[in-house]
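Yeah, the sequence shown ends on 626 if you go by numbering that gives the first Met the number 0, and it's all consecutive. Heads up: the structure comes next, in structure tokens.
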Amino acid sequence: MKQRLTVGQAVVRFLANQWTERDGVEQRTVAGFLGIFGHGNVAGIGQALLQAQRTGAPDMPYRLARNEQAMVHTAVGYARMRNRLSTMACTASIGPGSTNMLTGAALATVNRLPVLLLPSDVFASRAAVPVLQELEVPAAGDVSVNDAFRPLSRFFDRIWRPEQLPQALLSAMRVLTDPAETGAVTLCLPQDVQTEAYDYPDELFTKRVWHVPRQAPDPLAVERAAATIRGAHRPLIVAGGGVIYAEASAALDRFARETGIPVADTQAGKGALNWDHPNAVGGIGATGNPVANRLARNADVVIGVGTRYSDFTTASRSAFQHPDVRFVNLNVTGFDAGKLSALPLVGDARAGLSALLPALHGRRFTGDFRDDVAAWQAAVDHAYRGRGTQGDLPTQAEVIGVVNEACGARDVVVQAAGSLPGDLQRLWRSRDPKQYHVEYGYSCMGFEIAGALGIKLAEPGREVYTLVGDGSYLMMAQEIATAVAEHLKLIIILVQNHGFASIGGLSEQVGSQRFGTSYRYRNPRSGDYDGARLPVDLAANAESLGASVIRCRTIADLVEGLKQAREADRLTVLHIETDPEPSAPSAESWWEVPVAEVATLHSTRHARTEYLAGKRDQRHHLRPGGL
């Protein structure tokens, strides 16, 4: 039997019948659509979604977004909260509507998170070219702006004819449900093809379950890894996001307790162990803390679990300084498992830890890190209390402390860019594997509110707090309107420091004197932005988008405002002005940002000297992990 459907209708019907299963639990692979309609998709995917909504066949929820990049961030937040087992599809119109999704595509692929992108495309018939918003390439008639998605996608296809759709859909699902391959999946849909009908076989629309296995690493690789770890004197575990996506926190807890090995975490892995776990030493690398970084410098065997070893994690490859350091990497992808010349264990984090522990034959390590951890937590308490000077602006660390204390164990904090991710990794005390959601693979300004929306859609029963600086807020605040329209409660803490605090600090580090990082009037005499502060009222802006707004002048105001926000049943923005100067203790680490080799500015020449000093600690890590 066959069903005569348009390509748009077939896409919606197919996706409604795709399911993902792991550990016996099934869930919808694509839980719904996010979209903005234009002439490229309103008659195709738009008509199909309207028909589905009116008839209930198929069941495919649709939500109107306000920005195409933001809706991809929302899908990413959803997918991360669902441990990569469920995501959302994003539909956009031809031209700028589709290319607005490029940044979101890059973010998804960098973070190894599944999203399905359905950008509309030019006419396949080429009956009238160039159509509105078509890019003409004189040397190639089959290129459109959507080809920009190719390097950003883990799978890319363009559906020129309706009969090509089944194979493209099946290939898309294979990648979306494969934890080793996943990322952005892009299916370009020419606007005329979306509306064309075809007789599709019934089999295409039957329920299809995509099983996600827990791949165990090769037994011989486990034995080699265990031998390397048994021979260590000062081993260290680096827990990445793969621990959380694999729901391997209990396995890591057991592994750490039985072996005595300290566990540091990355931005994506924070929360893999609770902050007060006896083996937890906190964040590692450029945004980590001094305790974890001292252990990293002295470690002779580093066990990476589910980490891709970004430059922030490795402190631009200066973190691990032992002359004979070796790496054992457990990762679901061979690409990440082989980094830093490691002995690779390719497999699921939970299955791999469960296989590796008995192979250690009861080997237990003792360390003296717990007193250092206690001293660090005392430093965190001090940062949370702030300066205590009446009249001073609150510090960012104080704000984080108040939010952390207001959060319940299952509540979620969301962040992405600026100075907040570093302060959060150092200071935040996670009490649940899903509590800490900082997008730091792509560190995309504007992710915060849109990502929080996706998290709330994925876990409606959790309170979701998003911390956003004024710089990121001005990049992308319009999804407040989306959340309001959907009756979704978020608690947004809008931190106003009148500019780019993180880049301002980095600018000083590289000798550029905070150039171009403050929100001020341009001074006609100096030509710089060093005039009075701009009279921008972001609280009023949030209110105009439908939010309930609480203006906080002091930390006491913020404490009370958070109580009100928790009791409220609608989206609330708490606006507070903070001191832009750093307020968290140093990570005692380094991050490579190049400094001009020649300069007339003394500040730049001094920064170059400091930069070269940091470069001296960089290492290539070429020694094979098993030797």
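By construction, the Cβ of each residue, glycine as well, lies at the ideal position given by its N, Cα and C atoms. For clarity, every value in this text was computed on a predicted model and none was experimentally measured.
{"Asked": "Neighbourhood of GLY545 by C-beta, 7 Å cutoff - its chain only, sequence neighbours within 5 removed", "Found": "ILE479, ALA480 and VAL483"}
{"Asked": "CB contact flag (LEU115, THR86, <9 Å)", "Found": "yes"}
{"Asked": "Contact set for GLU133: own chain, Cβ-Cβ below 6 Å, skip 5 residues either direction", "Found": "VAL121"}
{"Asked": "With 16 other Cβ atoms within 10 Å as the buried cut-off, status of PHE334", "Found": "exposed"}
{"Asked": "Beta carbon proximity, THR516 to chain D, threshold 9 Å", "Found": "Among the chains of the structure shown, chain D does not appear; only one protein chain is present."}
{"Asked": "For LEU235 and ALA295, believed in contact at Cβ under 8 Å, the rounded distance", "Found": "6 Å"}
{"Asked": "Inside the region 320 to 352 only - alpha helix (DSSP H) runs reaching at least 4 residues", "Found": "333 to 336"}
{"Asked": "Cβ distance (whole Å) where PRO57 is taken to contact ARG83 below 8 Å", "Found": "About 23 Å separates the two Cβ atoms, so there is no contact after all."}
{"Asked": "3 or more residues per run - each beta strand (DSSP E) lying fully within the region 76 to 117", "Found": "86 to 91"}
{"Asked": "Three-state class that DSSP yields for LYS1 in the structure shown", "Found": "strand"}
{"Asked": "Burial state of LYS614 (16 or more Cβ within 10 Å)", "Found": "exposed"}
{"Asked": "According to DSSP, residues forming a beta bridge with TYR199", "Found": "GLN2"}
{"Asked": "Nearest neighbour of LEU125, chosen from PRO534, LEU570 and TRP159 [CA to CA]", "Found": "Correcting the residue identity first, residue 125 is Arg in this sequence and not Leu. ARG125 has its Cα closest to that of TRP159, out of PRO534, LEU570 and TRP159."}
{"Asked": "Reduced DSSP category for ALA500 - H, G, I as helix; E, B as strand; rest coil", "Found": "helix"}
{"Asked": "Residues of its chain near ARG111, where Cβ-Cβ distance is below 7 Å and the 5 sequence neighbours each way are ignored", "Found": "THR181 and GLY182"}
{"Asked": "Opposing strand residues paired with ARG532 [DSSP bridges]", "Found": "ARG519"}
{"Asked": "Option nearest ALA541 by Cα separation, candidates SER582, THR516, ARG532 and MET475", "Found": "MET475"}
{"Asked": "Inter-residue Cα distance where the pair is SER632 and ALA196", "Found": "Residue 632 falls outside the range modelled here, since the chain spans only 0 to 626, and no answer is possible."}
{"Asked": "Extent of the continuous alpha helix (DSSP H) to which GLY37 belongs", "Found": "Careful: GLY37 lies outside any alpha helix (DSSP H) and carries neither H nor E."}
{"Asked": "Every unbroken beta strand (DSSP E) inside the region 111 to 196 [3 residues or more]", "Found": "114 to 120, 154 to 157 and 183 to 189"}
{"Asked": "Simplified DSSP assignment, three categories, for VAL379", "Found": "helix"}
{"Asked": "Proximity below 9 Å, CB of ALA238 to CB of ALA263", "Found": "yes"}
{"Asked": "Local conformation of GLY23 per DSSP, three classes", "Found": "coil"}
{"Asked": "Residues bridged to GLY366 (per DSSP)", "Found": "DSSP, once it has assigned bridges, lists no residue as partnering GLY366."}
{"Asked": "Inter-residue CB distance, GLN434 and GLY270 (contact presumed, cutoff 8 Å)", "Found": "5 Å"}
{"Asked": "Nearest-angstrom beta carbon gap, VAL300 and ASP325 [assumed within contact, 8 Å]", "Found": "For the record, residue 325 in the displayed sequence is Arg; it is not Asp. That belief holds up - the Cβ atoms of ARG325 and VAL300 are roughly 5 Å apart, short of 8 Å."}
{"Asked": "Element boundaries [alpha helix (DSSP H), containing HIS679]", "Found": "Because the chain is modelled from 0 through 626, residue 679 falls outside the range shown and cannot be assessed."}
{"Asked": "Residue ranges of each beta strand (DSSP E) within the region 420 to 451, 3 or longer", "Found": "435 to 437"}
{"Asked": "Continuous beta strand (DSSP E) stretch holding TYR61: start and end", "Found": "61 to 63"}
{"Asked": "Classification of GLN193 by the beta-carbon crowding that lies within 10 angstroms, buried from 16 upward", "Found": "buried"}
{"Asked": "Sheet register partners of CYS406 (DSSP bridge)", "Found": "Paired residues: none, contrary to the question."}
{"Asked": "Pairwise C-alpha distance: LYS338 and LEU621", "Found": "10 Å"}
{"Asked": "Status (buried if at least 16 other CB within 10 Å, exposed otherwise) for TYR199", "Found": "buried"}
{"Asked": "Cβ separation of GLY39 and SER119, assumed to be a contact under 8 Å, to the nearest whole Å", "Found": "3 Å"}
{"Asked": "Cβ neighbour criterion (16 or more within 10 Å) applied to HIS210", "Found": "exposed"}
{"Asked": "Pick from ALA147, LEU600, THR332 and ALA583 that is closest to GLY287, judged by C-alpha positions", "Found": "ALA583"}
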